[in-house]
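Start counting the sequence shown at 12; every next residue gets the next number (the numbering used here). For every residue, glycine included, the Cβ atom is placed at its ideal position computed from N, Cα and C. Keep in mind it's a predicted model, so treat the numbers as computed, not measured. For reference, the structure discussed in these notes is given below.
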Amino acid sequence: MFNNLTTFTNPINLDGVGSWLGDAGKNVALGLGNLFGTVKKVEKTSTPTPTPTTTYNPTPTGGSDWAAESSALNAQLKALSNQLAQQPKLPNFDILANYNKAKQTASAAVTPLYNKKLDIFLEGQGIKKNTKTQMRDLSMENSGIAERTALEDNASSRTRTGEDLANALSTIGTNRDNFLVDDAQAFDDSRRALQEDVAAGGATDTGLGQQNIQRQLDDRNLSSERQTTEFKNQESAKQLLAGRTFADLLTSDDRSKEKRTQDDKATNIDFDSYMSELANEETSYRLTNDLEKALEIARQTQSNQSQGVQEFLAGLANKGARAQDIAFAAQVYK
């Protein structure tokens, strides 16, 4: 390189210098190659005989252009050094830790609010359930009261009808007995009078007298039979009416029981349907509430992440970090 320097016995390979220095490094490597290209390569075959010199002459072997090339090389190295110094450096920032902290903070802020909203909704649902349950119980209680009242009324009617029938039959029997006594007495009186008349006329043993007596007996028997039949008809009519009343009361009992069964069935169907609607409302509300909570947590997490980055950047500024490093960090982490 210089006149007094030992020449290189192996070639100098500067091809890799530019690989890690970038384009500017390539230019430097090219200049270095040009510079050191003036060094003559020799094969070391024997120990060289040193040439005695009295002065150190830094004149390059490449000629008089060495000063210009050296100045250019120094300028390139300085420019490269300045360029490397100005390249922004990315400060270390734990993105995952910032995200976890942001999500934890958001969840802590949002979850109690939506849990409270769910509790309020469930409290309202509980009130609705209790109210509907009370209405169902009251309806079924009223249905039972209506059935009992109907059965009790029918029982009372049945008792009264039986008593009325017994009284009516007793009255008819009394009337029949009185009629028979009165009729017998009247017949005896009438027969005695007729016999006396026949005897007074001297026709006791005659056919005409006996015909009159027999006719009187036949008329009495016919009248008595007719009256007895009337009494029987009255008894039959009373018994028929009572029987129909008893049948109607029995039918009323069955209908009252059937009505209660149907009313209770309808009440339970309405109750079950209402409870099913409340369950569907609760399921829908829970899904909506969970979705809204998740969205709000996500929104606040994103906001908290941004705030975490801003605090990190502010911390860099407070620590005296370079502006280009802060700008580069903002570009990467925001």
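Checklist entry - Which residue comes first and which comes last in the alpha helix (DSSP H) that contains A340? => result A340 -> alpha helix (DSSP H) spans 334-344.
Next on the checklist: So, at 7 Å on beta carbons, what are the nonlocal neighbours of G326 in its own chain, with the 5 sequence-adjacent residues on each side left out?
Outcome noted: none
Next on the checklist: Please report the distance separating the alpha-carbon of G254 from that of D164.
Outcome noted: 17 Å
Next on the checklist: Taking the alpha-carbon of L261 as reference, which of K139, K100, R169 has the nearest alpha-carbon?
Outcome noted: R169
Next on the checklist: Please classify E158 as buried or exposed, where buried requires at least 16 other C-beta atoms within 10 Å of its C-beta.
Outcome noted: buried
Checklist entry - Excluding five sequence neighbours on each side, which residues of the same chain lie with their C-beta closer than 7 Å to the C-beta of A328? => result I337
Item to check | Beta-carbon contacts of Q313 that lie in its chain and below 8 Å, excluding the five residues immediately before and after | outcome: A113
Next on the checklist: For L149, count the other beta carbons within 10 Å of its own beta carbon; 16 or more makes it buried, fewer makes it exposed. Which is it?
Outcome noted: exposed
Checklist entry - Does the beta-carbon distance from I280 to S118 come in below 8 Å? => result no
Checklist entry - CB Q311 to CB V121, shorter than 8 Å? => result The answer is yes: Cβ separation under 8 Å.
Next on the checklist: Among Q145, S287, T172, A177, whose alpha-carbon lies nearest the alpha-carbon of D259?
Outcome noted: T172
Checklist entry - Is the beta carbon of K128 less than 8 Å from the beta carbon of N291? => result no
Checklist entry - Among S82, L251, E303, which one has its Cα closest to the Cα of Y125? => result Ranked by Cα distance from Y125, the options S82, L251, E303 are led by E303.
Next on the checklist: Is the beta carbon of A340 closer than 8 Å to that of F104?
Outcome noted: Contact flag set, yes.
Checklist entry - How many whole angstroms separate the CB atoms of E236 and I183, which I take to be in contact at a CB cut-off of 8 Å? => result Taking C-beta atoms under 8 Å as the contact rule, E236 and I183 fail to qualify, at a distance of about 16 Å.
Next on the checklist: I'd like to know whether the C-beta atoms of P243 and L176 end up nearer to each other than 8 Å.
Outcome noted: In the sequence on display, residue 243 carries Lys and not Pro. No.
Checklist entry - Helix, strand or coil: which one does DSSP assign to D194? => result helix
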